[in-house]
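Numbering (this note's numbering), first residue to last: 9 to 191.
Working notes for the structure below.
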């Protein structure tokens, strides 16, 4: 067995120290990057949005997302998902704190009769995954005619058909409007 000289021992120790330093730098960098990612994903709500939500839903904890909507994706919206009295709810606010839409989970039995009949005739009742009542306060007309509509109620029924998820949209009276494929 060959003995290492002092020079070789120092070189070996230097290599070990160098490796440990490199490893610590890599771990430190990854931890720092991870922490930054986490803080970037956190949504900072405008004061008006936070105040409006807390006024409408006191003592309710919500999970927030931020999304651009509108014809040119030029309208910033803040969505609060939370557990309501009857299930999962969603409140959508603009950046000034105005409530623009509200979705509330409902039982199939609370759908308008025409919507229920449509689902039965299309053999979709057993494929329903969710049903929500949507109140849209952000009515925009495609024409110059002022309709004086303050809000519009629709019903959305989520169904799975051929391994794809769809929302079937119905009027407040239960008339079928359209079917939209979702991701």
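Beta carbons are placed, not taken as given, at the ideal position from N, Cα and C, and that holds for glycine.
What you are looking at is a predicted structure, and each value in this text was computed from that prediction instead of being measured.
From the DSSP output, in three-state form, read off residue i for me.
i, result
"residue 115", "coil"
"residue 104", "coil"
"residue 190", "strand"
"residue 134", "helix"
Apply the 10 Å Cβ neighbour rule to residue i and answer buried if 16 or more other Cβ atoms are within range, or exposed otherwise.
i, result
"residue 43", "Any reading at residue 43 is ruled out, since the residue's pLDDT is 45, under 50, leaving its predicted position unreliable."
"residue 170", "exposed"
"residue 152", "Its pLDDT being 47, under 50, residue 152 is placed unreliably by the model, and nothing is read from it."
"residue 111", "buried"
"residue 59", "exposed"
"residue 115", "exposed"
"residue 108", "buried"
"residue 172", "exposed"
I think residue i touches residue j, with their Cβ atoms under 8 Å apart; what is that distance to the nearest whole Å?
i, j, result
"residue 182", "residue 122", "3 Å"
"residue 175", "residue 161", "The Cβ separation is near 15 Å, so there is no contact."
"residue 53", "residue 72", "6 Å"
"residue 85", "residue 75", "5 Å"
Starting from residue i, follow the beta strand (DSSP E) in both directions and report where the run begins and ends.
i, result
"residue 163", "160-169"
"residue 123", "Where residue 123 is concerned, there is no enclosing beta strand (DSSP E), although the alpha helix (DSSP H) it sits in stretches over 121-129."
"residue 51", "Residue 51 -> no beta strand (DSSP E), and no H or E assigned at all."
"residue 146", "No beta strand (DSSP E) contains residue 146, which DSSP labels as neither H nor E."
"residue 175", "172-179"
Can we count residue i as close to the ligand ADP, meaning its CB is less than 8 Å from some heavy atom?
i, result
"residue 59", "By its list of ligands, the structure shown contains no ligand whatsoever, and the ligand ADP lies outside what it can speak to."
Length-filtered (4 minimum) alpha helix (DSSP H) runs lying within the region 62-95:
none
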